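Enquirer:
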Amino acid sequence: MTNTFTIADISFYSSSVVKEAAAIENIDVDQNTLVITRFASPVNDFAELIAVASHKGLCLLEYSDTGRVERQLALLKKYHAAPLTVGNSPFFALLYQQLHAYFSGTLTHFTVPLDIRGTAFQIQAWDALLTIPYGETRSYQQQAEAINNPKAVRAVANANRNNRVSIIIPCHRVIGKNGTMTGYGGGIWRKEYLLNLEVRT
58 MTNTFTIADI
68 SFYSSSVVKE
78 AAAIENIDVD
88 QNTLVITRFA
98 SPVNDFAELI
108 AVASHKGLCL
118 LEYSDTGRVE
128 RQLALLKKYH
138 AAPLTVGNSP
148 FFALLYQQLH
158 AYFSGTLTHF
168 TVPLDIRGTA
178 FQIQAWDALL
188 TIPYGETRSY
198 QQQAEAINNP
208 KAVRAVANAN
218 RNNRVSIIIP
228 CHRVIGKNGT
238 MTGYGGGIWR
248 KEYLLNLEVR
258 T
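All residue numbers for the sequence shown refer to my numbering, where the first residue is 58 and numbers rise by one.
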């Protein structure tokens with residue numbers, strides 16, 4: 058299947074298919090295809106997660122219940138010029154392990170390779186997100202200043218809104234200047250959950 062997906066079309070990831078994260082060294086993924094799967098939530102009531110990987114790394118990690126999946130998949134096909142197929146990728150093994158470690162409070166830094174594409178400004182904004190340490194937050198103003206563009210607060214917020222790799226590219230760590238919980242594609246309650254998780258550990 059390479060065209061239109063519904064959530065029900067996407068198979069659940071099976072950790073038994075790719076047992077060892079070390080298999081990532083011997084990736085055998087079609088360079089012209091994006092592979093899609095879904096993960097059961099590591100946390101009760103957190104919703105399933107949709108993941109997509111190329112032969113280079115993870116391209117998408119999105120909550121299945123936000124109404125954003127269809128648009129995100131369309132953008133992936135645009136930027137990668139590649140069809141989607143349901144299946145497994147060795148990157149999913151590492152993602153599976155690290156998500157469970159993160160939600161159990163034993164992992165503070167993800168090492169899953171990423172293959173992120175977007176506009177030059179989006180890439181710059183997302184790179185800035187990756188520099189925010191676990192357990193800390195930044196304001197949108199601080200993020201804009203980090204990319205030497207202090208007037209681009211709204212543009213930064215928009216780039217964060219279009220982040221396609223939830224949790225791993227930590228847009229949840231960016232909050233309002235006055236400390237308010239603002240703007241998170243996965244929902245404010247998830248943003249609060251993730252920040253509280255990181256503070257606790």
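Where is the CB? At the ideal position from N, CA and C, for every residue including glycine.
Predicted, not measured: the structure shown is a model, and the values here were computed from it.
In its own chain, which residues sit with a C-beta less than 7 angstroms from the C-beta of residue 98, not counting the 5 before and 5 after it?
Expert: Here residue 98 corresponds to residue number 41 of the sequence shown, with the count starting at 1. 104, 105 and 106, listed in sequence order.
Enquirer: For the alpha helix (DSSP H) that residue 178 lies in, which residues bound it at each end?
Expert: Sequence index remark: in the sequence shown, residue 178 carries index 121 (1-based). Unbroken alpha helix (DSSP H) run through residue 178: 177-186.
Enquirer: Rounded to whole angstroms, what's the CA-CA distance from residue 246 to residue 150? Just pull it up for me.
Expert: Counted from its first residue, the sequence shown places residue 246 at position 189. Counted from its first residue, the sequence shown places residue 150 at position 93. Distance between the alpha carbons of residue 246 and residue 150 is about 27 angstroms.
Enquirer: At 4 residues or longer, what runs of the alpha helix (DSSP H) sit wholly inside the segment 180-257?
Expert: Taking only runs of at least 4 residues, the alpha helix (DSSP H) segments lying wholly in the segment 180-257 are 197-203, 210-218 and 245-257.
Enquirer: Within 6 angstroms: the Cβ of residue 146 and any heavy atom of the ligand PLP?
Expert: The ligand PLP is not among the ligands present in this structure, which contains no ligands whatsoever.
Enquirer: Can you give me the start and stop residues for the alpha helix (DSSP H) that residue 127 sits inside?
Expert: In the sequence shown, counting from the first residue as 1, residue 127 sits at position 70. Here the alpha helix (DSSP H) through residue 127 covers 126-137.
Enquirer: Here's a check: name, in chain order, each residue in its chain whose Cβ is nearer than 7 angstroms to the Cβ of residue 249, leaving out the five neighbours to either side.
Expert: By 1-based counting over the sequence shown, the position of residue 249 is 192. Once the five neighbours on either side are set aside, the close Cβ partners of residue 249 are 238.
Enquirer: Does DSSP put residue 103 in a helix, in a strand, or in coil?
Expert: One-based indexing of the sequence shown puts residue 103 at position 46. Here residue 103 sits in coil by DSSP.
Enquirer: With a Cβ-Cβ cutoff of 7 angstroms, do residue 95 and residue 242 count as a contact?
Expert: For the purposes of this step, residue 95 is taken as residue 38 along the sequence shown, with counting starting at 1. For the purposes of this step, residue 242 is taken as residue 185 along the sequence shown, with counting starting at 1. For residue 95 and residue 242, no; Cβs fall outside 7 angstroms.
Enquirer: Measure the Cβ-Cβ separation of residue 214 and residue 197 and say whether it is below 7 angstroms.
Expert: The sequence position of residue 214 within the sequence shown is 157, counting from 1. The sequence position of residue 197 within the sequence shown is 140, counting from 1. In contact: residue 214 and residue 197 (Cβ atoms closer than 7 angstroms).
Enquirer: Give me the DSSP bridge partner(s) of residue 120.
Expert: On the sequence shown, position 63 is the one that residue 120 refers to. DSSP, once it has assigned bridges, lists 106 as partnering residue 120.
Enquirer: According to DSSP, what are the bridge partners of residue 143?
Expert: Residue mapping note: residue 143 aligns to position 86 of the sequence shown, counting from 1. The partner list for residue 143 (beta bridge, DSSP) reads 93.
Enquirer: To the nearest angstrom, how far is the alpha carbon of residue 173 from that of residue 195?
Expert: Mapped onto the sequence shown, residue 173 falls at position 116. Mapped onto the sequence shown, residue 195 falls at position 138. So the alpha carbons of these two residues sit roughly 22 angstroms apart.
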